[in-house]
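When we follow the working numbering, the leftmost residue of the sequence shown carries the number 515, and every step to the right adds one.
C-beta: ideal position from N, C-alpha, C; glycine also.
First up is the structure itself, then whatever we jot down about it.
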Amino acid sequence: MSFTTLVLFGLVSTVPTAKSLIKPMTGVHLKVSAYYEPPIFTFVKDVHNSSIIQYAGLYKDIMDWLSTSLNFTYSFVEVPANAVKTHGSLDSTLIDYLIRKEVDMISRLMTPRVDLLNVMDFTTPVTVTQFAFTQPFPKLEEDILASVKPFQTMVWLSIGISFIAVVLAMTFVIRNGSIDHYKNKTTAGIILELALYGLVILLGQGGRLPCNRLSLRLIAGSWCLMAVVLSYGFSGTLISNITAPKYEPVINTYEDMANSKTMRITVASGSPFAENMLNATSGVMGKLGDSLRQNPGDLILRLPRQIGDNLLTGCCAYLESKTIGDIIVRTVMMKSGRQCLLTTGKPVDYSELLSFGITKNFRYRSIIDQQLQLMRESGLFSFFRKKYVVEADKCNARRVLQPKKKPLTLFDFASAFFVLGIGGILSLLVFFSEWISIICLHRRRRLDRGQRPVLFLMN
Numbered sequence: 515m516s517f518t519t520l521v522l523f524g525l526v527s528t529v530p531t532a533k534s535l536i537k538p539m540t541g542v543h544l545k546v547s548a549y550y551e552p553p554i555f556t557f558v559k560d561v562h563n564s565s566i567i568q569y570a571g572l573y574k575d576i577m578d579w580l581s582t583s584l585n586f587t588y589s590f591v592e593v594p595a596n597a598v599k600t601h602g603s604l605d606s607t608l609i610d611y612l613i614r615k616e617v618d619m620i621s622r623l624m625t626p627r628v629d630l631l632n633v634m635d636f637t638t639p640v641t642v643t644q645f646a647f648t649q650p651f652p653k654l655e656e657d658i659l660a661s662v663k664p665f666q667t668m669v670w671l672s673i674g675i676s677f678i679a680v681v682l683a684m685t686f687v688i689r690n691g692s693i694d695h696y697k698n699k700t701t702a703g704i705i706l707e708l709a710l711y712g713l714v715i716l717l718g719q720g721g722r723l724p725c726n727r728l729s730l731r732l733i734a735g736s737w738c739l740m741a742v743v744l745s746y747g748f749s750g751t752l753i754s755n756i757t758a759p760k761y762e763p764v765i766n767t768y769e770d771m772a773n774s775k776t777m778r779i780t781v782a783s784g785s786p787f788a789e790n791m792l793n794a795t796s797g798v799m800g801k802l803g804d805s806l807r808q809n810p811g812d813l814i815l816r817l818p819r820q821i822g823d824n825l826l827t828g829c830c831a832y833l834e835s836k837t838i839g840d841i842i843v844r845t846v847m848m849k850s851g852r853q854c855l856l857t858t859g860k861p862v863d864y865s866e867l868l869s870f871g872i873t874k875n876f877r878y879r880s881i882i883d884q885q886l887q888l889m890r891e892s893g894l895f896s897f898f899r900k901k902y903v904v905e906a907d908k909c910n911a912r913r914v915l916q917p918k919k920k921p922l923t924l925f926d927f928a929s930a931f932f933v934l935g936i937g938g939i940l941s942l943l944v945f946f947s948e949w950i951s952i953i954c955l956h957r958r959r960r961l962d963r964g965q966r967p968v969l970f971l972m973n
């Protein structure tokens with residue numbers, strides 16, 4: 515043990531309730547399972563006869579502390595990878611060793627399950643773990659369409675429809691308004707000129723409208739106001755999309771995983787996740803279960819290096835304890851020259867209590883439970899854990915990658931389109947009022963012309 519560990523042990527052992535609650539297990543020898551799962555649990559073998567000569571890791575430190583506190587001895591029983599392949603999953607292999615009395619205690623933390631209480635017991639929970647998707651580090655996307663991404667498709671469609679409507683409305687006002695500048699031009703020529711004017715305004719270049727009719731200026735002014743809003747909204751979002759890193763999205767939720775078109779889900783065979791997904795027939799879990807049924811090879815056995823090698827192919831995202839995910843990410847990073855090849859997403863909405871498995875009706879269960887609770891409350895378990903579980907901060911895509919700004923929706927420009935609509939309505943009202951006034955004026959002139967000869971004859 516290190517000096518810090520001894521100090522912590524000394525402080526914990528001085529708690530007044532420790533001696534009164536915990537009874538020593540003098541003379542007791544426990545057989546504990548040992549599965550190679552670096553860096554949580556590792557062992558070194560003799561090169562000559564393959565015998566294990568040294569153990570190390572989180573579970574080794576915990577067992578050393580328990581044996582020293584309770585005065586018992588223990589020995590590890592190796593669980594080979596071939597046994598895991600035979601049983602189909604790591605948990606079922608460890609449980610089988612426990613049921614057959616080959617071990618008294620499973621050193622690997624596992625989730626207590628009701629269906630196993632008939633054949634084994636569990637210690638008091640040692641910790642709570644969250645789960646997350648471990649996945650390939652997001653790759654850069656080819657953003658060829660960056661110039662159209664600031665707006666959603668409905669926004670572009672609405673702009674096109676509004677542009678055509680404004681040009682046609684202005685053409686209608688001009689053709690029926692007797693404007694001198696456009697008298698000698700054809701309808702096609704007027705439409706082309708107004709389309710160029712509207713396009714120039716939309717691009718923020720400014721333009722000239724050779725007419726002082728109020729109805730025409732109202733609709734042109736509404737278009738100019740809308741163009742200002744669109745121009746600033748487009749340029750701001752475009753700059754954000756161009757300057758922000760364009761990475762593929764990180765899978766954080768079950769919905770993200772189910773909707774992914776590039777990766778499949780992979781889980782540990784025999785885990786609660788695997789059973790829940792395989793038993794589901796509808797919804798998101800049913801969709802993920804279909805993926806596992808179609809690709810049975812995605813139910814992995816937690817063999818050494820299997821998970822990391824599988825994820826590096828880019829085919830899958832692995833749903834597992836975030837602690838295990840952080841270990842996988844850091845291990846792969848150190849082996850690849852400190853390159854970030856994997857990352858973990860945000861914790862999903864699911865957590866589990868973790869305990870040690872022990873034989874049914876284990877005689878010293880209450881004593882070990884008291885000591886495990888003392889270890890948890892004193893912070894000693896967290897201290898042991900931090901020695902072997904180190905998060906690779908540089909490979910945390912959620913911190914490293916800046917999220918891209920979402921495309922602006924039609925709802926964001928509702929006010930601009932509303933102003934354009936009001937301007938168009940006012941323009942038509944003014945135009946028709948001018949038209950009515952002109953018609954009334956022409957009728958009055960005709961009446962005046964018809965009355966003059968009569969007045970002349972009477973004189």
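From the DSSP secondary-structure annotation, give me the bridge partner or partners of Pro650. In DSSP, Pro650 forms a bridge with Leu856.
For Ala906, is the classification buried or exposed, using 16 other Cβ atoms within 10 angstroms of its Cβ as the cut-off for buried? buried
Among Asp560, Phe586 and Phe876, nearest to Thr540 - alpha-carbon criterion: Each of Asp560, Phe586 and Phe876 was checked against the Cα of Thr540, and the nearest Cα belongs to Phe586.
Would Ile609 and Met634 be called neighbours here (beta carbons separated by less than 8 angstroms)? With contacts defined by Cβ atoms closer than 8 angstroms, Ile609 and Met634 form a contacting pair.
DSSP three-state call for Gly871: helix, strand or coil? DSSP places Gly871 in strand when its eight states are reduced to three.
Buried or exposed by the 16-neighbour rule on C-beta atoms within 10 Å, applied to Pro538: Exposed: under 16 other Cβ atoms inside 10 Å.
Close-in-space but distant-in-sequence residues of the same chain around Ile613 (CB under 6 angstroms, 5 per side omitted): Val633
Taking all protein chains shown into account, decide if Cys954 is buried (16 or more other Cβ within 10 angstroms of its Cβ) or exposed. exposed
Confirm, please, whether the CB-CB distance from Arg852 to Asp812 is below 8 angstroms. no
Pull up the CB-CB distance for Glu762 and Lys908, whole angstroms please, since I reckon it's below 8 angstroms. Actually they are not in contact, since the Cβ atoms of Glu762 and Lys908 sit about 18 angstroms apart, beyond 8 angstroms.
Mapping the DSSP letters down to three states, classify Thr625 as helix, strand or coil. coil
Any idea if Asp840 is buried or exposed, counting beta-carbon neighbours within 10 angstroms, 16 or more meaning buried? buried
Would you identify the three-state DSSP class for Leu723, choosing helix, strand or coil? coil
For Thr643, tell me which candidate among Trp670, Arg958 and Ser835 has the shortest Cα-Cα distance. Ser835
Out of Arg844, Leu867 and Ala772, point me to the one whose CA is closest to Leu856's CA. Arg844
Pick from Gln568, Phe555, Phe895 and Phe898: whose alpha carbon is nearest that of Ile620? Phe555
6 angstroms Cβ shell around Ala734 - same chain, five flanking residues per side excluded: Leu723
Put Gly703 into one of helix, strand or coil per three-state DSSP. Shown here, Gly703 sits in a helix according to DSSP, grouped into three states.
Inter-residue CB distance, Ala772 and Lys801 (contact presumed, cutoff 8 angstroms): Indeed, because the Cβ distance is near 4 angstroms, the residues count as touching under 8 angstroms.
Where the alpha helix (DSSP H) containing Phe898 begins and where it ends: Run containing Phe898: Leu894 to Tyr902, per the alpha helix (DSSP H) assignment.
With 16 other Cβ atoms within 10 Å as the buried cut-off, status of Arg960: Label assigned to Arg960: exposed.
If you pair each beta-carbon of the region 659 to 679 with each one of the region 697 to 708, do three or more pairs fall below 8 angstroms? no
Relative to the C-alpha of Lys849, which residue among Leu867, Pro861 and Asp823 is closest? Asp823
If I measure Cβ to Cβ from Leu535 and keep anything under 6 angstroms in the same chain, skipping five residues before and after, which residues do I get? Confidence at Leu535 is low in this model, with a pLDDT of 48, below 50, so its placement is unreliable and the value that follows should be read with caution. Cβ within range, chain order: Gln884.
State yes or no: is the C-beta of Thr637 within less than 8 angstroms of the C-beta of Ser785? no
By a C-beta neighbour count over all protein chains shown, 10 Å radius and 16 as the cutoff for buried, is Phe932 buried or exposed? exposed
How many whole angstroms separate the CB atoms of Val593 and Tyr611, which I take to be in contact at a CB cut-off of 8 angstroms? 6 angstroms
DSSP three-state label for Phe876, please. coil
Since Val998 is in the alpha helix (DSSP H), which residue starts that stretch and which ends it? Any property of residue 998 remains undetermined from this structure, which presents the chain solely from 515 to 973.
Residue interval of the beta strand (DSSP E) (run including Ser850): Careful: Ser850 lies outside any beta strand (DSSP E) and carries neither H nor E.
Going by beta carbon distance, what residues of the same chain come within less than 6 angstroms of Arg816, once the five residues before and after it are set aside? Leu604 and Ala782
Quick check on the burial criterion: 16 or more other C-beta atoms within 10 angstroms. Buried or exposed for Gln649? buried
Output needed for Tyr902: all residues of its chain with C-beta closer than 7 angstroms, excluding positions within five of it in sequence on either side, in chain order. Pro553, Ile554, Gly571 and Leu572
Quick check on the DSSP output: what are the complete beta strand (DSSP E) runs of length 3 or more inside the region 784 to 854, in order along the chain? Runs found: 830 to 835.
Would you kindly work out how many angstroms separate the C-alpha atoms of Phe895 and Ala548, rounded to a whole number? 19 angstroms
Locate the alpha helix (DSSP H) running through Val669, then write down its first and last residues. Thr667 to Arg689
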